[in-house]
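Asker:
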Amino acid sequence: MRLVILDDYDLASEWAAKYIRNRIIQFKPSAERYFTLGLPTGSTPYGCYKKLIEFYRSGDISFKYVKTFNMDEYVGLPRAHPESYHSYMWNNFFKHIDIDPANAHILDGNAEDLETECQAYEQKIAEAGGIELFVGGIGPDGHIAFNEPGSSLVSRTRVKTLAKDTIVANARFFGNDLNKVPTMALTVGVGTVMDAKEVMILITGAHKAFALYKAIEEGVNHMWTVSAFQQHPRTIFVCDEDATLELRVKTVKYFKGLLHVHNRLVDPVLSIKDQ
Amino acid sequence: MPSNKSVSDAAITQFINCRILRDHRLQRDDLWVREGKVLDPEKLFFDEKGYADKLVDCEGSIIAPGFIDVQINGGYGIDFSQASDDVSSGVSFVAKKILQHGVTSFCPTLVTSPPAVYHKVLPQIKVSDGGEHGAGVLGFHLEGPFISVEKKGAHPEQFLRTFQSGGIEDLMEAYGGLDNIAMVTLAPELGGSQSVVKELCQRGITVSLGHSVANLSQAEEAVHHGASFITHLFNAMLPFHHRDPGIVGLLTSDQVPAGRTVYYGMIADGIHTNPAALRIAHRAHPSGLVLVTDAITAMGLPPGRHTLGQQVIEIQGLHAYVAGLNAAYQPPTTCSACTKTLCGSIATMDMCVRHFKHASGCSVEEALEAASLHPAKLLGISHKKGNLDYGSDADLVLLDDALNVEATFISGEEVWRKGP
Numbered sequence: 082m083r084l085v086i087l088d089d090y091d092l093a094s095e096w097a098a099k100y101i102r103n104r105i106i107q108f109k110p111s112a113e114r115y116f117t118l119g120l121p122t123g124s125t126p127y128g129c130y131k132k133l134i135e136f137y138r139s140g141d142i143s144f145k146y147v148k149t150f151n152m153d154e155y156v157g158l159p160r161a162h163p164e165s166y167h168s169y170m171w172n173n174f175f176k177h178i179d180i181d182p183a184n185a186h187i188l189d190g191n192a193e194d195l196e197t198e199c200q201a202y203e204q205k206i207a208e209a210g211g212i213e214l215f216v217g218g219i220g221p222d223g224h225i226a227f228n229e230p231g232s233s234l235v236s237r238t239r240v241k242t243l244a245k246d247t248i249v250a251n252a253r254f255f256g257n258d259l260n261k262v263p264t265m266a267l268t269v270g271v272g273t274v275m276d277a278k279e280v281m282i283l284i285t286g287a288h289k290a291f292a293l294y295k296a297i298e299e300g301v302n303h304m305w306t307v308s309a310f311q312q313h314p315r316t317i318f319v320c321d322e323d324a325t326l327e328l329r330v331k332t333v334k335y336f337k338g339l340l341h342v343h344n345r346l347v348d349p350v351l352s353i354k355d356q
Numbered sequence: 145m146p147s148n149k150s151v152s153d154a155a156i157t158q159f160i161n162c163r164i165l166r167d168h169r170l171q172r173d174d175l176w177v178r179e180g181k182v183l184d185p186e187k188l189f190f191d192e193k194g195y196a197d198k199l200v201d202c203e204g205s206i207i208a209p210g211f212i213d214v215q216i217n218g219g220y221g222i223d224f225s226q227a228s229d230d231v232s233s234g235v236s237f238v239a240k241k242i243l244q245h246g247v248t249s250f251c252p253t254l255v256t257s258p259p260a261v262y263h264k265v266l267p268q269i270k271v272s273d274g275g276e277h278g279a280g281v282l283g284f285h286l287e288g289p290f291i292s293v294e295k296k297g298a299h300p301e302q303f304l305r306t307f308q309s310g311g312i313e314d315l316m317e318a319y320g321g322l323d324n325i326a327m328v329t330l331a332p333e334l335g336g337s338q339s340v341v342k343e344l345c346q347r348g349i350t351v352s353l354g355h356s357v358a359n360l361s362q363a364e365e366a367v368h369h370g371a372s373f374i375t376h377l378f379n380a381m382l383p384f385h386h387r388d389p390g391i392v393g394l395l396t397s398d399q400v401p402a403g404r405t406v407y408y409g410m411i412a413d414g415i416h417t418n419p420a421a422l423r424i425a426h427r428a429h430p431s432g433l434v435l436v437t438d439a440i441t442a443m444g445l446p447p448g449r450h451t452l453g454q455q456v457i458e459i460q461g462l463h464a465y466v467a468g469l470n471a472a473y474q475p476p477t478t479c480s481a482c483t484k485t486l487c488g489s490i491a492t493m494d495m496c497v498r499h500f501k502h503a504s505g506c507s508v509e510e511a512l513e514a515a516s517l518h519p520a521k522l523l524g525i526s527h528k529k530g531n532l533d534y535g536s537d538a539d540l541v542l543l544d545d546a547l548n549v550e551a552t553f554i555s556g557e558e559v560w561r562k563g564p
């Protein structure tokens, strides 16, 4: 894996956004060949989305030939609810960029038949040619998307009941009322994300530090589902200092030493203006 | 980029680079319009996979809901209270002119007139949508003739009336009918008026109290029966007194039924109300303040003499006074023939918004809502006008930071733009 450690949240968000930008531009997407991007929600990627919007506004990047697939969505929450992941993606990303609405895919938590919805989603990903770059986050319990501890590491898109930890972590978005937090969600499986050509995990904040430790310094374990990516050929973990607090000093020093190599991935930062 | 045709073929317009008034705040956000109504872009994106056909770059302007003037007697040489054979062309003329003041809907107002005038004028104007041709007509505002002699202001005394037969019959006789009427101003101390208030409200006509010497309990009784507006607060009513606040006391009355608001018109032209009085009213009851122009024939015209209903008035600068009863013309420089009775203003709605903001120190949002949201709520039309909520009519006014009108839109179409 690559472990990229930046000083703080803003720098980590910027690094991640630049990486996504360079990957899309290098790919040279077109009407015949779309760039497929997997996307997360939550507070961690918020800064990254803001940066990407800035890049779009300055004319350096376009999402015209990008197809996106979000990781998850709550079950039973009205789509217009301010805490639905549809609302999150609209307000924090889609409404500010030039993506074609037909290319922005999010699981429908209000579908009549949830299983069919999940299978159809896997189908859409396959039809799009698979995911080029899957961006994700990590929960405090080490989960990727809503693949809670105990999820199969070869799982596919399906309905999941949320762990107590996750519900508590989400309560802050529902007025701190545990009864208002959805208890089920549709999520891509660990296997679904593993199928992507490349995976980028964003991890910031001290409260994620233990999960990061479990994910990269301990073994592959279905209790910490992000650990599955130890077996992916191309994974980048982008984090801030605080997220490394539970790692061995040796690990941190090693990867910080490699920063100058990793920085070549974002420097120079490319622009469509040059094409 | 063409819109997806799955729900509607109609073109979608997206206003960008703007600050819109929504949820009582100016927010940096785009405004989407389709088929004359404000569109929910999130639904468009996810349900229809649609996007805009046309972008309108607002270059940083403020977008507010179009202004609504519920008291305007005429302008640009037109006097709505003149019994003309072609009232509608006069109303249309003014409707078109006021677009430049940001007004997208209005209530043509008639001052106290003889029945002949009402019978002739009223049938000629119907409630109608605005558009390129001019601001929309929401219905007449009939100010009088059932008002107080002592507070007639500029209204002709000989045509004032009281309720004789017991209410609605008097109205029908005076006006000839009650169609296309949005509001009636009356004095609630007149005998028999309370049942009239009730009947009018039941018919969906807004009842306003004004030109009256009512005390607070008479006013409260009228509110209890459904009255919901005060015509030009402070003017043509008893002054506030600490032992009987009169109609002014409605602003803080505890007798207003729960869930109802008493609104009050303010002519914020710097003349009809001292700024300190404006501030007292605003601070006492900010959510009820409705800006009105009470504009008269002379609004938009140069200084001189003009007619208003059955009377003649004199313009001096931004002031309009009742001319002397002497029929001979008196040149403006000798004021011996002028009274000092104010008779309506010649300030435009956008001037009123700016002056109100300046005099009261209120926020931009409050100033804009006083001219849009509040009058819409008063008339019970806030489900489609006076705001930029999804589904509301896309009647918009584009303003700069100083609240000067840059452009006006009705149902999403540009109907006026400031010249270079």
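Going down the list, the protein sequences come from chains S and U. Per my numbering, the very first residue in the first sequence carries number 82; after that it's consecutive. Per my numbering, the very first residue in the second sequence carries number 145; after that it's consecutive. Note that beta-carbon positions come from the ideal geometry of N, C-alpha and C, so glycine has one too.
Report all residues from its chain with a CB closer than 8 Å to the CB of Glu213 (chain S); omit the five preceding and five following residues, and keep chain order.
Answerer: Excluding sequence neighbours, Glu213 (chain S) sits near Arg104, Phe108, Phe116, Thr117, Leu118, Ala277, Lys278 and Glu279.
Asker: The alpha helix (DSSP H) spanning Lys264 (chain U) covers which residue range?
Answerer: Where Lys264 (chain U) is concerned, the enclosing alpha helix (DSSP H) stretches over Pro259 to Val265.
Asker: So Glu179 (chain U) contacts chain S; which residues on that side make the cut at Cβ distance below 7 Å?
Answerer: Those do not exist, as Glu179 (chain U) stays about 19 Å from chain S at its closest Cβ, beyond 7 Å.
Asker: Spell out the partners DSSP gives Glu287 (chain U) in its beta bridges.
Answerer: Looking at the DSSP assignment, Glu287 (chain U) forms a beta bridge with U:Thr329.
Asker: Identify whether Asn151 (chain S) lies in helix, strand or coil by the three-state DSSP scheme.
Answerer: Strand, per DSSP.
Asker: In angstroms with no decimal places, state the Cα-to-Cα distance between Glu296 (chain S) and Tyr130 (chain S).
Answerer: Residue identity differs from the one stated: residue 296 (chain S) is Ala in this sequence, not Glu. Their backbone Cα atoms lie some 24 Å apart in a straight line.
Asker: Give the DSSP-derived three-state secondary structure of Ala185 (chain S) in the structure shown.
Answerer: Correct three-state label for Ala185 (chain S): strand.
Asker: Are the C-beta of Phe189 (chain U) and some C-beta of chain S separated by less than 7 Å?
Answerer: Taking Cβ atoms only, chain S reaches closer than 7 Å to Phe189 (chain U), which makes this a yes.
Asker: Under the three-state reduction of DSSP, which class applies to Thr253 (chain U): helix, strand or coil?
Answerer: Here Thr253 (chain U) sits in strand by DSSP.
Asker: Considering only the alpha carbon of each residue, which of S:Ile282, S:Lys176, S:Ala185 and S:Ile219 lies closest to Arg58 (chain S)?
Answerer: Coverage of chain S is limited to positions 82 through 356, which leaves residue 58 (chain S) absent and any answer about it impossible.
Asker: Tell me, which residues are paired with Gln460 (chain U) by DSSP?
Answerer: Bridge partners of Gln460 (chain U): U:His463.
Asker: So is Val262 (chain S) buried or exposed if we call it buried at 16+ other beta carbons inside 10 Å?
Answerer: Burial call: buried.
Asker: Would you say Pro476 (chain U) reaches chain S, if we count a Cβ-Cβ gap shorter than 7 Å as a contact?
Answerer: Note on Pro476 (chain U): pLDDT 41, under 50, position unreliable in the model; no value is reported.
Asker: Compare the Cα-Cα distances from Lys295 (chain U) to each of U:His376, U:Pro252 and U:Ile160 and report the closest residue.
Answerer: Lys295 (chain U) has its Cα closest to that of U:His376, out of U:His376, U:Pro252 and U:Ile160.
Asker: Once DSSP output is grouped into helix, strand and coil, what is the label at His450 (chain U)?
Answerer: Residue state, collapsed to three classes: strand.
Asker: Kindly give me the distance between the Cβ atoms of Thr285 (chain S) and Ser232 (chain S), rounded to whole angstroms, as I take these residues to be in contact under 8 Å.
Answerer: Not quite, the Cβ-Cβ distance comes to about 23 Å (not below 8 Å), so this is no contact.
Asker: What three-state label does DSSP hand Leu542 (chain U) in the structure shown?
Answerer: DSSP places Leu542 (chain U) in strand when its eight states are reduced to three.
Asker: With 16 as the cutoff for other CB atoms within 10 Å, does Asp388 (chain U) come out buried or exposed?
Answerer: The residue is exposed, with fewer than 16 neighbouring Cβ atoms inside 10 Å.
Asker: Skipping 5 residues on each side, what residues in its chain have a beta carbon closer than 6 Å to that of Pro475 (chain U)?
Answerer: Because the pLDDT of Pro475 (chain U) is 39, which lies under 50, any placement of that residue in the model is unreliable, and the question is left without a value.
Asker: Give me, in chain order, the residues of the same chain whose beta-carbon lies closer than 6 Å to that of Val333 (chain S); leave out the 5 immediate sequence neighbours on both sides.
Answerer: If we look at Val333 (chain S) and ignore the five residues flanking it on each side, its Cβ neighbours are Thr325.
Asker: Would you check if there are 3 or more beta carbon pairs closer than 8 Å linking the region 526 to 545 of chain U to the region 197 to 215 of chain U?
Answerer: Yes, the region 526 to 545 of chain U is in contact with the region 197 to 215 of chain U.
Asker: Determine the DSSP secondary structure at Leu433 (chain U), reduced to helix, strand or coil.
Answerer: Leu433 (chain U): strand per DSSP, three-state reduction.
Asker: Answer with yes or no whether the minimum CB distance from Glu186 (chain U) to chain S is below 7 Å.
Answerer: At least one chain S Cβ lies under 7 Å of Glu186 (chain U).
Asker: Rounded to whole angstroms, what is the Cα-Cα separation between Pro564 (chain U) and Glu550 (chain U)?
Answerer: Pro564 (chain U) and Glu550 (chain U): Cα-Cα distance of roughly 10 Å.
Asker: Classify Met316 (chain U): buried if its beta carbon has 16 or more other beta carbons within 10 angstroms, exposed otherwise.
Answerer: It is exposed - the Cβ of Met316 (chain U) has fewer than 16 other Cβ atoms within 10 Å.
Asker: First and last residue of the alpha helix (DSSP H) that includes Cys162 (chain U)?
Answerer: Unbroken run through Cys162 (chain U): none, as it is neither H nor E.
Asker: Counting only Cβ-Cβ distances shorter than 8 Å, please list the residues of the region 193 to 208 of chain U near chain S, keeping chain order.
Answerer: Of all residues in the region 193 to 208 of chain U, Lys193, Gly194 and Tyr195 have a Cβ within less than 8 Å of some Cβ in chain S.
Asker: Taking CB distances under 7 Å as the criterion, tell me whether His177 (chain S) reaches chain U.
Answerer: With 7 Å as the cut-off, His177 (chain S) does not count as an interface residue toward chain U.
Asker: CB Val434 (chain U) to CB Gly409 (chain U), shorter than 7 Å?
Answerer: Yes; because the gap between Cβ atoms is below 7 Å, this pair is in contact.
Asker: Are there three or more Cβ pairs, one per stretch, closer than 8 Å when the region 354 to 365 of chain U is compared with the region 389 to 397 of chain U?
Answerer: A contact exists between the region 354 to 365 of chain U and the region 389 to 397 of chain U.
Asker: Check whether the region 175 to 194 of chain U touches the region 322 to 340 of chain U, counting contact only when three or more Cβ pairs, one atom from each stretch, lie closer than 8 Å.
Answerer: Judged by Cβ distances under 8 Å, the region 175 to 194 of chain U makes no contact with the region 322 to 340 of chain U, as fewer than three pairs qualify.
Asker: Against chain U, does Pro182 (chain S) count as a neighbour if the rule is that its beta carbon must be under 7 Å from one of theirs?
Answerer: Yes, Pro182 (chain S) lies at the interface with chain U (some Cβ there is under 7 Å from its Cβ).
Asker: Would you check if the distance between the CB atom of Leu330 (chain U) and the CB atom of Thr306 (chain U) is smaller than 7 Å?
Answerer: No. Outside cutoff.
Asker: Any beta carbon of chain U sitting closer than 7 Å to that of Trp305 (chain S)?
Answerer: Chain U contact via Cβ: absent.
Asker: By how many angstroms is the C-alpha of Lys132 (chain S) removed from the C-alpha of Ala287 (chain S)?
Answerer: The alpha-carbon atoms of Ala287 (chain S) and Lys132 (chain S) are separated by roughly 22 Å.
Asker: Residues in the same chain with beta-carbon distance under 7 Å from Tyr169 (chain S), minus the five sequence neighbours each way, listed in chain order, please.
Answerer: Taken in chain order, the residues that qualify are Thr122.
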